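Peer 1: Just so you know, we're using our numbering here: the sequence shown kicks off at -17 and counts up by one.
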Amino acid sequence: MSLDDLTDDVEAAYSALDGELSVSLDRESRNELAMLLAAFDPDDSDELVRRAIHLLFQSAVETGNLDFHLRGTYDVTYDEYLSGMTFEEMTGANQFPQRDDERRYQF
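1) Once you ignore the five residues that flank V5 on each side, which residues in its own chain have a CB closer than 8 Å to its CB?
2) Alpha carbon to alpha carbon, how far is T45 from D25?
3) Return the CA-CA distance between S65 and L3, expressed in angstroms with no decimal places.
4) Can you say whether V58 is buried or exposed, counting buried as having 16 or more other CB atoms within 10 angstroms of its CB?
5) Just the Cα atoms here: how many angstroms apart are T(-11) and L38?
6) Within the continuous alpha helix (DSSP H) that includes S90, where are the two ends?
7) Which whole-angstrom value is the C-beta distance of L(-15) and E62, which I expect to be below 8 Å?
8) Just the C-alpha distance for F50 and S11, rounded to the nearest angstrom, thanks.
9) For M(-17), name the three-state secondary structure that DSSP assigns.
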């Protein structure tokens, strides 16, 4: 897969999230959410879900976990996604023809 595939998948996922997002919680998650609601006292539980998404995303970016998964699936990093170009495109490495090592020293 490529940078274009990643961009298409992100746009498709973004448009799929337009509707109301409902999440079913298991017992442990419900208990943890209740504790966080009591401790942080937000206006509603949706605010905590938004905070959790931001925290998970930030953690995944900072630890390199997001890049690991993006590289495995799409062969790009988050920085490449943000710039809209792969590293090879940025450095111009893919502009030169491939070397033929077998004929390299033949004249």
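Even for Gly, the Cβ is constructed at its ideal location relative to N, Cα and C.
Note that this is a predicted model, so its numbers are computed, not measured.
Peer 2: Once the coordinates are examined:
1) Mapped onto the sequence shown, residue 5 falls at position 23. Only residues of its own chain outside the window of five on either side were considered, and among them V31 have a CB closer than 8 Å to the CB of V5, listed in chain order.
2) Taking the sequence shown and counting its residues from 1, the one referred to as residue 45 is at position 63. Taking the sequence shown and counting its residues from 1, the one referred to as residue 25 is at position 43. Annotation: T45 to D25 spans about 31 Å, alpha carbon to alpha carbon.
3) On the sequence shown, residue 65 is found 83 positions in, with the first residue counted as 1. On the sequence shown, residue 3 is found 21 positions in, with the first residue counted as 1. Pairing S65 with L3, the inter-Cα distance amounts to about 29 Å.
4) Taking the first residue of the sequence shown as position 1, residue 58 is located at position 76. V58 counts as buried, since at least 16 other C-beta atoms from the protein chains shown sit within 10 angstroms of its C-beta.
5) Position 7 of the sequence shown, counted from the first residue, corresponds to residue -11. Position 56 of the sequence shown, counted from the first residue, corresponds to residue 38. If I take the Cα positions, the gap works out to 20 Å.
6) With the chain represented from -17 up to 89, any question about residue 90 goes unanswered, as that position is not in the structure.
7) Mapped onto the sequence shown, residue -15 falls at position 3. Mapped onto the sequence shown, residue 62 falls at position 80. Confirmed, Cβ separation roughly 6 Å.
8) As a position in the sequence shown, residue 50 is number 68, starting the count at 1. As a position in the sequence shown, residue 11 is number 29, starting the count at 1. If you take the alpha carbons of F50 and S11, they lie about 26 Å apart.
9) Mapped onto the sequence shown, residue -17 falls at position 1. For M(-17), the three-state secondary structure derived from DSSP is coil.
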